[in-house]
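In full-length UniProt numbering, the protein residues as written are 1 to 87.
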């Protein structure tokens, strides 16, 4: 595994399908790289709650829910990085 470079220092990130697999690994990598905030989105509340960093905002949401996505975008209009792993 490469050493963190801080290349996401201060950045606000969002990851869909964030509770496990590639999505979860991405959340963890973004945190190692210095992200100020990671919005972790998934339909699995139990797995999302395993992400315990104070820099993670957990959001239980099905990305097929258009109104939910609109609300999420309104709550976090300043996202610098989006990793769409869902689907």
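Ideal Cβ placement from N, Cα and C applies to all residues, glycine included.
(message) Between residue 83 and chain D, is the shortest Cβ-Cβ distance under 8 angstroms, so that the two count as touching?
(response) The structure shown contains no chain D, having only a single protein chain.
(request) Measure the alpha-carbon distance for residue 13 versus residue 36 and round it to whole angstroms. (result) Residue 13 and residue 36: Cα-Cα distance of roughly 8 angstroms.
(message) Could you give the first and the last residue of the continuous alpha helix (DSSP H) run that contains residue 75?
(response) Looking at the DSSP string, the run of the alpha helix (DSSP H) that includes residue 75 is 66–75.
(request) Determine which residues share a DSSP beta bridge with residue 52 and list them. (result) Residue pairing for residue 52: DSSP places it in no beta bridge.
(message) Would residue 45 and residue 56 qualify as a contact pair, given that the criterion is a beta-carbon distance under 8 angstroms?
(response) Taking 8 angstroms as the cut-off, the beta carbon of residue 45 is found no closer than this to the beta carbon of residue 56.
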